[in-house]
Amino acid sequence: MKGLYVHIPFCEHICFYCDFAKRVAKNREMIDEYLVHLKKEFDQIPLIDRQFDTVYIGGGTPSMLDIKQLTYLLELFKDLKPLEYTIEVNPESYTHDKGMLFKQYGINRVSLGVQSFEPEILTYIGRKHHNTQVFYAIEDLNDIGIDNISIDLIFAIPGQTMASIQHDLDIVSTLAIKHISYYSLILEEKTVFYHQYLKKQFRKADIDLEADMYEYIIDRLNALGFKQYEISNFTKGNHASKHNQLYWSMDPYVGIGAGAHGFDGKLRTQNHRNLPDYYEKPLASAYHETDQQYLSDTLIFGLRRLEGIRIDDIETRFGFKLFEKYPKLIQLQALGLIEIVDQHLRLTRKGLLLGNQVFEVFI
Ligand code: SF4
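Residues 0 to 362 in numbering that gives the first Met the number 0 are what the sequence shown spells out, letter by letter.
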């Protein structure tokens, strides 16, 4: 599998938790200029290398581009015909015409930024949409024939209660969607929340409450027919994100656009986030993973998936016995954080909550 990630670094407003590469566009011309540079970068990929199983247009907010800009963007990739073709959409910038354009250009998956269904929580985290816009986008996309819809949700937001999560999941149970990415709020540097935190105006959610929420989310989503296949991802039927699985499987992907990352199986690249620098020369840095980095990424990304890692596969590929190289695994197994099932090492339910304690063994 090989993927293409395309970054659109513009948003209509900045959410208080977000540390992605993004800015509020001063005007439409600024986006036009960016798209010309994006095309330039894409054109540099030799034709022979343009075979992608997945294409993912993320941001930022790709759906805030107007129809003309979206057409220009989607024209660039019209010959790729990937198996899975995703675009990120924010409910407030979705329109029927954009949905039709997505369909016309072969987009077959939409990732919708919802985060919460509670108006007070949305205001608190700096989101501007209303639930009616979410419902409209989901219904309209299904009508258009794009039924592989994923929504992003967040838990452990200060002020969120178990009742808020239950309410969010009550609404989820009524939606025609196939996939959910459910993340806990992470306090990232260079965000509005982080500045509030430094001024003691932001208090992280209670850790026990966060664990209770996570357990409830897993159980409730299971009951609703969503199978968990990764720490934060749940699918109904056969709709696990092929693009994201590519990251967890250490498969190669090309990243284009400001701030985009790429990986060719050994070499990791990152583009400039800053637009003038990106325009001058997209690539900001590149390094070959050492054998140790490659091994630890393989194990950590692999264990994020519920099926875990195949022990004999790892031992054959890397030439060691897993439990001999990492004796601490015995301790983690005794603590009930990991288990071996069908020759796979995987996180237990308790391990899903405390994944970082497991991952640090491999660093
Ligand atoms: S969360 Fe999405 S919409 Fe909000 S600022 Fe970040 S990229 Fe933009």
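Idealized CB from N, CA, C, for every residue including glycine.
Looking at the unbroken beta strand (DSSP E) that takes in residue i, where does it start and where does it end?
i	result
residue 87	83-88
residue 53	53-58
Any heavy atom of ligand 1 within a distance shorter than 7 Å of the CB on residue i?
i	result
residue 58	yes
residue 447	Any property of residue 447 remains undetermined from this structure, which presents the chain solely from 0 to 362.
residue 13	yes
residue 97	no
residue 25	no
residue 154	no
residue 101	no
residue 393	For residue 393 there is no data in the structure shown, the boundaries of the chain being 0 and 362.
residue 280	no
Tell me where the alpha helix (DSSP H) around residue i begins and ends.
i	result
residue 356	354-358
residue 241	241-247
residue 330	327-333
residue 93	Residue 93 -> no alpha helix (DSSP H), and no H or E assigned at all.
residue 322	321-324
residue 300	290-303
residue 79	Residue 79 -> no alpha helix (DSSP H), and no H or E assigned at all.
Given that a residue counts as buried once 16 or more other Cβ atoms are within 10 Å of its Cβ, and exposed if not, what is residue i?
i	result
residue 253	buried
residue 241	buried
residue 152	buried
residue 155	buried
residue 90	buried
residue 136	buried
residue 159	buried
residue 103	exposed
residue 355	exposed
Do the segment 282-298 and the segment 79-97 touch if we need at least three Cβ pairs shorter than 8 Å?
-> no
task = For the segment 187-205 and the segment 245-255, state whether three or more C-beta atom pairs, one from each stretch, are separated by less than 8 Å.
result = no
- Query: Do the segment 116-133 and the segment 64-83 touch if we need at least three Cβ pairs shorter than 8 Å?
  - Reply: no
Check: Looking at C-beta atoms only, is the number of pairs between the segment 223-233 and the segment 67-80 that lie closer than 8 Å three or more?
Finding: no
In chain order, what are the residue ranges of uninterrupted alpha helix (DSSP H) at least 4 long that sit wholly in the segment 201-273? 206-222 and 241-247
Report task. Pair every Cβ in the segment 292-310 with every Cβ in the segment 339-351, then say whether three or more of these pairs are closer than 8 Å. Result -> yes
What alpha helix (DSSP H) runs, 4 residues minimum, are completely inside the segment 84-170? 95-103, 118-124 and 130-143
*Do the segment 142-152 and the segment 109-120 meet, that is, are 3 or more Cβ pairs less than 8 Å apart?*
yes
Would the segment 35-46 count as touching the segment 54-61 if we require 3 or more Cβ pairs under 8 Å? no
Is it true that the segment 324-336 meets the segment 264-273, where meeting means three or more beta-carbon pairs spaced less than 8 Å apart? no
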